[in-house]
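Residue numbers (the numbering used here): 7 to 101. Yeah, the Cβ is synthetic: ideal placement off N, Cα and C, and Gly gets one too. Report on one structure; see the data block that follows.
This is the structure:
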C-alpha cells in the first residue's frame, strides 16, 4: 500500500494502481471519454489529465493522463486546477 494526497486528502492505494481507478474509488469525478472497464487504458481522449507533484520536486509539477499513470508513495495529485480546466476545454474543442 502507498499513500498519496488527492486534493489535500490523504488516500491509501495499491502500489501500481492507476490514478483514475483511485480517483473513481474516492468518488472524485473527472472526465474520461475513452475509459471503459472492458478495454485496456490507452489515454486517447486525454480528458483524464491531472496535475502531479512531490515535495522533493521543489514546486515542479507535471500533467499526466490518470488512466495510464500508476500511483506511487508520496505523490500529490490535483484534479481541478484552473490550468487543468482550461486544458480540458481545449481538448474538447479539438473534438
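Considering only their Cβ atoms, is the gap separating residue j from residue i smaller than 9 Å?
i          : j          : result
residue 16 : residue 75 : no
residue 29 : residue 12 : yes
residue 10 : residue 82 : yes
Which of the three DSSP states, helix, strand or coil, is assigned to residue i?
i          : result
residue 81 : coil
residue 39 : coil
residue 67 : coil
residue 57 : strand
How many whole angstroms separate the CB atoms of residue i and residue j, which I take to be in contact at a CB cut-off of 8 Å?
i          : j          : result
residue 70 : residue 19 : The pair is not a contact, with the Cβ atoms about 15 Å apart (cut-off 8 Å).
residue 36 : residue 72 : 7 Å
residue 80 : residue 61 : 7 Å
Residue range of the beta strand (DSSP E) that residue i falls in?
i          : result
residue 50 : Element bounds for residue 50: n/a, residue is neither H nor E.
residue 2  : Nothing about residue 2 can be read from this structure; the chain reaches only from 7 to 101.
residue 12 : 8-12
What first and last residue would you give for the alpha helix (DSSP H) that runs through residue i?
i          : result
residue 87 : It is not in any alpha helix (DSSP H) - residue 87 carries neither H nor E in the DSSP assignment.
residue 25 : 25-31
Point to revise | the segment 74-89 in contact with the segment 48-58 per 3-pair CB rule at 8 Å | key: With the cut-off at 8 Å, the segment 74-89 and the segment 48-58 touch.
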